[in-house]
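Visitor: Once you've had a glance at the structure underneath, I'll fire off some questions.
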Ligand SMILES: Nc1ncnc2c1ncn2[C@@H]1O[C@H](COP(=O)(O)OP(=O)(O)O)[C@@H](O)[C@H]1O
Ligand SMILES: [Mg+2]
């Protein structure tokens with residue numbers, strides 16, 4: 001069985017900063033991996049490379065055994081990848097239902113020509129309503145996405161990611177900025193995603209939650225992997241400890 | 001000597017383009033707005049120069065009046081048009097700006113006539129000198145000298161005075177203003193004021209060169225200025241100066257080679273399109289479009 | 001019907017096609033084009049040459065559709081490279097370049113344009129009817145697109161390309177589709193214009209005309225087919241009805257453009273919607 005996601009020697013440089021410096025790992029199907037590290041470690045950058053939002057200077061990305069390094073984001077999504085943005089990006093002028101339905105109709109929008117041939121949205125609206133209920137947003141369907149409070153927008157991001165029926169889902173700080181009650185609802189939604197057999201890669205600062213729900217941790221520091229394995233063992237590693245203390249793990253309020 | 005004459009033409013045009021474009025690049029650097037209506041400021045400068053010069057008999061007074069009137073106009077554009085539109089996508093203020101330019105152009109036509117206005121006395125502009133076979137007009141000298149004076153002054157202002165230093169810092173990084181103890185809103189007004197003064201001077205000089213101000217005077221120049229600021233790397237004053245000279249020279253020599261199948265003025269458009277396609281972030285600046 | 005009425009109605013039909021097609025590109029898909037006049041012109045010249053060469057109406061229509069959309073696709077590639085406001089600048093450039101190029105081409109009649117274009121043989125009323133049929137078809141297509149999944153995806157691309165990509169929508173393909181369809185229709189409008197006047201000069205396709213078309217779209221309510229149709233009809237009739245507007249056309253159009261963006265960014269459609277909501281609430 002091939003890995004759900006495989007990175008081989010991925011690196012990228014911004015001017016003087018080596019944001020990611022040769023990262024390799026492989027994640028098996030159905031796993032729940034926490035990607036952690038201090039601020040500026042390169043987590044978001046790595047997620048963007050996996051998602052095709054950034055082009056790496058070198059290295060390759062494979063999804064279910066297929067090399068997607070040359071593909072754009074849309075093509076990767078069609079191969080079973082989904083992601084949520086660290087900074088939420090709903091279509092503010094559309095309703096919550098439309099936001100999710102558009103994802104649910106990803107087969108219809110695969111080419112402009114096919115999209116032109118289809119009018120009916122009923123099926124997608126039904127699926128979207130189900131997903132919206134799953135992430136605990138039932139009742140908000142008719143609201144404009146831009147009018148939601150942050151906690152709900154973050155769940156909308158998860159709902160949209162689910163709508164494209166992914167095999168692998170990348171979540172970049174889905175809990176950041178949420179209060180306690182909102183965060184626990186969001187964690188429930190994420191756990192439900194994993195329960196469906198979807199491979200989850202979670203970037204998160206809230207170590208308590210990470211330790212609770214992840215089965216494997218990959219620790220990044222200065223763009224390099226400095227720890228990888230079972231969560232408790234990884235956190236016990238002195239190098240990891242050092243990086244965190246040095247990098248200031250208290251700074252949750254990251255942009 | 002023909003080639004030297006072309007160089008003189010190119011450089012003097014380049015100086016004029018530079019004065020026109022710096023205001024645009026400053027506005028873009030600070031607000032991310034393509035201030036197309038800068039051309040209306042340029043045209044207003046030209047009209048005021050001619051009108052006052054004809055009324056008083058003094059071209060200097062004409063320039064003085066232009067330099068006083070246009071910054072008010074530029075700041076009003078910011079206050080009344082752009083400020084309320086900053087919350088929208090950048091193409092919204094840009095379309096509004098195009099609308100304003102079209103409106104102003106028609107207003108000039110309605111008030112001052114389709115044919116435009118000529119200087120009653122403009123002997124100075126057409127005096128020519130001969131340096132070892134190269135012909136230079138007094139106006140070309142004036143363009144180059146004015147540009148040198150203006151940009152040296154600007155350089156001193158932005159390196160020697162506190163407000164100037166803060167201004168420059170703010171344009172390159174708008175979030176920084178507060179840390180200089182500078183009111184970012186004042187910086188915006190300063191930006192429009194200075195940019196408008198430079199455009200007005202350029203407008204007055206072009207009016208003298210053509211011995212005419214007509215309603216369309218700013219139109220083509222404004223588009224060229226857009227080409228220049230992209231070439232210069234959006235927001236970079238130094239890049240804009242270099243790009244202005246480059247365009248002036250390319251146009252001067254370019255007419256020899258492609259003038260038969262393309263308007264001289266279309267060269268800038270072609271250059272801009274090619275440029276945007278191959279390097280959308282400009283040649284010198286690191287800033288992304 | 002008087003000759004005057006026939007010609008006004010024909011012009012209205014042509015302007016409706018132009019404004020509605022521009023709305024597909026700029027309203028539906030969010031790609032601001034200030035050079036729609038160039039595609040209009042390209043279609044007109046293609047049709048004129050075809051008519052002079054062959055006299056065949058169907059051939060002229062096809063040539064115009066094809067020329068408009070080929071030029072449109074070329075410009076569409078630009079939209080893949082640059083941010084929206086720079087795309088607007090690029091399209092202005094394309095418009096100037098088109099005019100500057102045609103002026104110098106002897107085979108396109110240069111400054112003099114092309115005259116003596118063979119008539120369609122349908123007569124003024126026949127031409128007008130054909131124009132109105134095409135305008136109706138354009139409106140129908142526009143309404144259909146906005147309801148289809150293509151329209152749905154256009155809205156996403158117009159609002160946030162990055163977010164659209166994360167839903168598996170290939171923004172580039174959709175932008176090209178918007179340009180391809182919108183500019184083909186502009187080419188068609190050019191062809192109908194050629195049939196109508198039988199004489200074209202490049203001045204009819206300049207940047208100012210493109211700004212007028214954008215004014216129709218913005219004033220009607222960017223993205224709303226019916227709003228744009230109403231604005232296109234109204235703004236075509238306005239200079240005919242009011243002498244002042246005719247003399248000061250650019251002043252009025254530029255002024256309306258500025259005022260609407262500044263005070264009512266949703267245009268007529270937005271105002272009607274707000275009035276409707278207010279009435280329902282009270
Ligand atoms: N677009 C960019 N340009 C320049 N530097 C960047 C860019 N994006 C990220 N960086 C730098 O790369 C490093 C990693 O950033 P990031 O991936 O956001 O870290 P994390 O998400 O782990 O906090 C940081 O030093 C950051 O400043
Ligand atoms: Mg991050």
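Residue numbers (the numbering used here), protein chains in the order written: chain C, 1 to 255; chain A, 1 to 289; chain L, 1 to 282. Cβ atoms here follow ideal geometry from the backbone N, Cα and C, with glycine treated the same way.
(1) Would you say the stretch 66-79 of chain L touches the stretch 33-48 of chain L, given that touching needs at least three Cβ pairs under 8 Å?
(2) Output needed in chain order: residues of the stretch 158-183 of chain L with a Cβ under 7 Å from some Cβ in chain C.
(3) Quick one: is residue 273 (chain A) near chain L, going by C-beta distance under 7 Å?
(4) Please confirm if residue 271 (chain L) has its CB atom under 7 Å from at least one CB of chain C.
(5) Could you tell me the alpha carbon to alpha carbon distance between residue 135 (chain A) and residue 3 (chain A), rounded to whole angstroms?
(6) Along the chain, which unbroken stretches of the alpha helix (DSSP H) at least 4 residues long are found entirely within the stretch 127-171 of chain C?
(7) Pick from L:50, L:258 and L:11: whose alpha carbon is nearest that of residue 204 (chain L)?
(8) If you run the structure through DSSP and keep just helix, strand and coil, what is residue 130 (chain A)?
(9) With a CB to CB cut of under 8 Å and the five nearest residues on each side skipped, what residues in its chain are close to residue 57 (chain C)?
(10) Using a Cβ-Cβ distance cut-off of 7 Å, determine whether residue 255 (chain C) contacts chain L.
(11) As a quick exercise: from L:110, L:266 and L:170, pick the residue whose alpha carbon is nearest that of residue 113 (chain C).
(12) Residues in the stretch 213-231 of chain A with C-beta within 9 Å of chain L's C-beta atoms, listed in sequence order?
(13) Can you list, in chain order, the residues of its chain whose CB lies under 6 Å from that of residue 1 (chain L), leaving out five sequence neighbours each side?
(14) Residues of chain L with a CB under 9 Å from the CB of residue 89 (chain C): which are they?
(15) Check each candidate in C:47, C:197 and C:34 and name the one with the smallest Cα separation from residue 235 (chain C).
(16) Closer than 6 Å by C-beta to residue 214 (chain A): which residues in its own chain qualify, once you throw out the five before and the five after it? Chain order, please.
(17) Check whether chain L comes within 7 Å of residue 164 (chain C), counting only Cβ atoms and requiring the distance to be less than that.
(18) Does ligand 2 have a heavy atom nearer than 6 Å to the CB of residue 84 (chain C)?
(19) Within 10 angstroms of the Cβ of residue 191 (chain C), are there 16 or more other Cβ atoms? Answer buried if so, exposed if not.
(20) How is the beta strand (DSSP E) around residue 6 (chain C) delimited, first residue to last?
(21) I'd like the ranges of any alpha helix (DSSP H) spanning at least 4 consecutive residues and lying wholly in the stretch 196-236 of chain C.
(22) What did DSSP end up calling residue 85 (chain L) once you bin it into helix, strand or coil?
(23) Which class does residue 36 (chain C) belong to by DSSP, given the choice of helix, strand or coil?
(24) Under a three-way DSSP split, which group does residue 39 (chain L) fall into?
(25) Can you check which of these residues, L:193, L:92 and L:172, is closest to residue 210 (chain L) by C-alpha distance?
(26) Which value, in whole angstroms, describes the spacing of the CA atoms of residue 117 (chain L) and residue 48 (chain L)?
(27) What do you reckon, is the C-beta of residue 75 (chain L) under 6 Å from a heavy atom of ligand 1?
(28) So what's residue 191 (chain C) in DSSP terms, helix, strand or just coil?
(29) Mind pulling the chain C residues with CB within less than 8 Å of residue 21 (chain L)?
(30) Please tell me whether residue 123 (chain C) has its Cβ less than 7 Å away from any Cβ of chain L.
(31) Using DSSP with H/G/I as helix, E/B as strand and the rest coil, what is residue 21 (chain C)?
(32) So within the stretch 64-139 of chain L, which uninterrupted beta strand (DSSP E) runs reach at least 3 residues, ignoring any that extend past its ends?
(33) So, does the stretch 134-142 of chain L touch the stretch 13-26 of chain L, judging by three or more C-beta pairs under 8 Å?
(34) Output needed in chain order: residues of the stretch 24-39 of chain L with a Cβ under 7 Å from some Cβ in chain A.
(35) If you run the structure through DSSP and keep just helix, strand and coil, what is residue 8 (chain A)?
(36) Determine, using beta carbons only, whether residue 163 (chain C) and residue 100 (chain C) come nearer to each other than 7 Å.
Guide: Answer, in terms of the structure:
(1) yes
(2) 159, 160, 162, 163, 165, 166, 167, 168, 169, 170, 173, 174 and 177
(3) yes
(4) no
(5) 11 Å
(6) 150-163
(7) L:11
(8) strand
(9) 11, 12 and 13
(10) Low per-residue confidence applies at residue 255 (chain C): pLDDT is 36, beneath 50, and the placement is therefore not dependable, though the value from the model is reported in the following sentence. So, not an interface residue.
(11) L:170
(12) 219, 220, 223, 226, 227 and 230
(13) none
(14) 160, 162, 163 and 166
(15) C:34
(16) 116
(17) yes
(18) no
(19) exposed
(20) 5-14
(21) 207-213 and 231-236
(22) helix
(23) strand
(24) helix
(25) L:92
(26) 6 Å
(27) no
(28) helix
(29) Chain C residues near residue 21 (chain L): none, gap ~15 Å exceeds 8 Å.
(30) no
(31) strand
(32) none
(33) yes
(34) 32 and 34
(35) helix
(36) yes
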